[in-house]
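Each remark here refers to the structure printed beneath this line.
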Amino acid sequence: MLANKTIVLGITGGIAAYKVADLASKLTQAGARVEIIMTKSATEFITPLTFRSLTHRTVVTEMFNVNSEFSIGHVALATAADVIVIAPATANIVAKIAGGIADDMLSATVLATEAPVIVAPAMNVNMYQNPATQDNLAKLKARGFIFVGPGYGRLASGKIGMGRLTDIEEIIGTIKQVLGRSGDLAGKNIVVTAGGTQEAIDPVRYIGNRSSGKMGYAVAEAARDRGAKVTLITAPTALSKPVGVAVTPVTTAVQMKKAVVKAVAQTDVLIMVAAVADYQPKSVAKGKIKKETTGAGLTLELVKTPDILAEVKGDFIKVGFAAETEDIVANARKKLANKQLDIIAVNDVTSPDSGFGVDTNRVTLISHDGKVESLPLMSKREVADRILDKVVGMLTKKPQSQMRRGVS
Ligand code: CTP
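For any residue, its number in the numbering used here is found by taking its place in the sequence shown, counting from 1, and adding 2.
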């Protein structure tokens, strides 16, 4: 989604400028056209050559440089930008923008642009907390500037406090979210579930499954990047929280059901990617089960958990996932019918390149109209987008799916 987008990356004079080399590199690798503007102070911390080497483009450092293609029409970048990102943003640039000052290429570009501007502040904690800076930040927020960070932690001064440049991944997530605002899911609410639920046996042990959460997180991020307002209901995973997505953490199937029921009250789409445990221990031992109390073995009595996907009903598109090991399409068709789904994505979890833990997946998509589409091996993100393509198609024909379920 970053491919062919023009991202103007403004760098100001803070020590965190060195971290932004990584940002410039990642955005360029993702196919974006990254135009760098550095303030004079920024060039004291890191050289323009670093950014030129990473982006393969001219780095603008002065407003009136006859050798730069952008200096003559000094608002050229303001017009070309799909988004402007200022990272790190010092207290000084924040103050200049808040005051409408345009005395260098970056502040002039920001003043002249109609593109969204993302600001990633990084500064000394006292400068950050100073009422002048706080007033300026509040002014910019009120004008629609998008802020990411600052983070809390150890600052260059040695002090601990607010003022660290936020993580580069956080900035990239925000850029994607902002660029996706006009995507084909703009204005739609999507609820996604992910991860494998954990059903407690005692305070230390649980029954779990091999789900890594990667497929569900990929769906949540893809929907965000297409403009949707995403709620991600997630069982425990080792993945970091996606930026720009409302995350509800849960542990058990029962908790997940409660969260899903609440979230679908206002949704256009539910995509259940989570591997929900089908059984939970009938009772949870209060204390740790001790070996000496169980004799030669331990028998656990399990009871069924709620089938969330089958039980939640309403005026929204329902997408399910099925992990199968045999009779893949036939089993998935049964689930599509039994759980009244619009789409089911089924994968053979015995295959090493699809299923649990890996970044790729090979799925077959079956729609309620009987259409079967076997997708080749692709990244989980691509699979997510192919599912969302189908969802978008169905959303435009929504009355049909409402009729099918008898929703008035
Ligand atoms: N699902 C659910 N609640 C459950 C079990 C599954 O909502 N208690 C959802 C999953 O999130 C998935 C779909 O139902 O989207 C199919 O899950 P799967 O485990 O393949 O099917 P089950 O109905 O559990 O059937 P089985 O395990 O017998 O194959």
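Ideal Cβ placement from N, Cα and C applies to all residues, glycine included.
(1) List the residues that DSSP assigns as beta-bridge partners of Tyr-130.
(2) Once the 5 residues before and after Leu-304 are set aside, which same chain residues still bring their CB inside 7 Å of it?
(3) Could you give the distance in angstroms between the alpha-carbon of Gly-153 and the alpha-carbon of Glu-294?
(4) What span of residues does the beta strand (DSSP E) with Glu-46 cover, start to end?
(5) Can we say the stretch 75-87 touches the stretch 125-133, given the rule of at least three CB pairs closer than 8 Å?
(6) What does DSSP give as the partner residues of Arg-145 in its beta bridges?
(7) What's the gap between the Cα of Leu-11 and the Cα of Val-61?
(8) Put Pro-152 into one of helix, strand or coil per three-state DSSP.
(9) Look at the Cβ atom of Leu-397, then the Cβ atom of Lys-190, and state whether they are nearer than 8 Å.
(10) Specify whether the stretch 340-357 and the stretch 379-393 touch according to this definition: at least 3 beta carbon pairs, one from each stretch, less than 8 Å apart.
(11) Can you check which of these residues, Ala-287, Val-262, Asn-128 and Arg-212, is closest to Val-360 by C-alpha distance?
(12) Taking DSSP as the reference, what is the three-state secondary structure of Lys-21?
(13) Sorted by chain position, which residues of the same chain lie with C-beta nearer than 6 Å to Phe-147's C-beta, five sequence neighbours on each side aside?
(14) Could you pull the start and end residues of the alpha helix (DSSP H) that Lys-98 belongs to?
(15) In its own chain, which residues sit with a C-beta less than 7 Å from the C-beta of Ile-103, not counting the 5 before and 5 after it?
(16) Scan the stretch 277-333 and note each continuous beta strand (DSSP E) run of 3 residues or more that stays entirely inside, going in chain order.
(17) Indicate whether Asn-126 and Gly-151 have their beta-carbon atoms separated by less than 8 Å.
(18) The ligand CTP and Thr-307: does any heavy atom of the ligand fall closer than 7 Å to the residue's C-beta?
(19) Could you pull out every residue in the same chain whose Cβ sits closer than 8 Å to the Cβ of Ala-117, ignoring the five residues on either side in sequence?
(20) I'd like to check one pair, Val-314 with Val-263: are the Cβ atoms closer than 8 Å?
(21) Beta-carbon within less than 8 Å of Thr-362's beta-carbon, same chain only, minus the 5 sequence neighbours each way: which residues are those?
(22) For Thr-253, which residues from the same chain have a beta carbon less than 6 Å from its beta carbon, with the 5 sequence-adjacent residues on both sides left out?
(23) How would you write the range of the alpha helix (DSSP H) that Val-266 sits in, first residue to last?
(24) Quick check for students: name the residue ranges of the alpha helix (DSSP H) that lie wholly in the stretch 180-233, counting only runs of 4 or more.
(25) Return the CA-CA distance between Asn-340 and Ile-177, expressed in angstroms with no decimal places.
(26) Pick helix, strand or coil for Ile-174, following the three-state DSSP scheme.
(27) With a 10 Å radius around its C-beta and 16 neighbouring C-beta atoms as the bar for buried, classify Lys-231 as buried or exposed.
(28) Give me the Cβ distance between Ile-192 and Ile-273, rounded to the nearest whole Å; I'm assuming they're in contact under 8 Å.
(29) Who pairs with Thr-254 in a beta bridge, going by DSSP?
(30) Under a three-way DSSP split, which group does Asp-350 fall into?
(31) Candidates Ile-17, Thr-327, Leu-338 and Val-351: which alpha carbon is nearest Leu-167's?
(32) Suppose the cutoff is 8 Å on Cβ atoms and the five residues either side in sequence are ignored; what does the same chain contact list for Thr-327 look like?
(33) For Met-40 and Ile-13, what's the separation of their Cα atoms in angstroms?
(34) Where does the unbroken alpha helix (DSSP H) through Leu-51 begin, and where does it stop?
(35) Answer yes if the stretch 233-244 comes into contact with the stretch 207-221, meaning at least three C-beta pairs across the two stretches below 8 Å, and no otherwise.
(36) Can the beta-carbon of Phe-323 be found closer than 8 Å to that of Val-275?
With the structure as the only source:
(1) Bridge partners of Tyr-130: none, in fact.
(2) Tyr-281, Gln-282, Pro-283 and Lys-284
(3) 49 Å
(4) That residue, Glu-46, is in no beta strand (DSSP E); its alpha helix (DSSP H) goes 42-47.
(5) no
(6) Looking at the DSSP assignment, Arg-145 forms no beta bridge with any residue, so it has no partner.
(7) 10 Å
(8) coil
(9) yes
(10) yes
(11) Arg-212
(12) helix
(13) Val-119 and Val-121
(14) Per DSSP, the unbroken alpha helix (DSSP H) holding Lys-98 starts and ends at 93-100.
(15) Ser-109
(16) 281-283, 304-306 and 319-326
(17) no
(18) yes
(19) Val-10, Ala-80, Ala-83, Asp-84, Val-85 and Ile-86
(20) yes
(21) Asp-355, Ser-356, Leu-379, Met-380, Ser-381 and Lys-382
(22) Here the set comprises Gln-200.
(23) Segment: none, Val-266 is in no alpha helix (DSSP H) and carries neither H nor E.
(24) For the stretch 180-233, whole alpha helix (DSSP H) runs of length 4 or above, ordered along the chain, are 216-227.
(25) 40 Å
(26) helix
(27) buried
(28) 7 Å
(29) According to DSSP, which records beta bridges pairwise, Thr-254 is partnered with nothing at all.
(30) strand
(31) Minimum Cα distance to Leu-167 is reached at Ile-17.
(32) Cβ neighbours of Thr-327 beyond the five flanking positions: Asp-350, Val-351 and Thr-352.
(33) 5 Å
(34) Counting along the chain, the alpha helix (DSSP H) containing Leu-51 begins and ends at 50-57.
(35) yes
(36) yes
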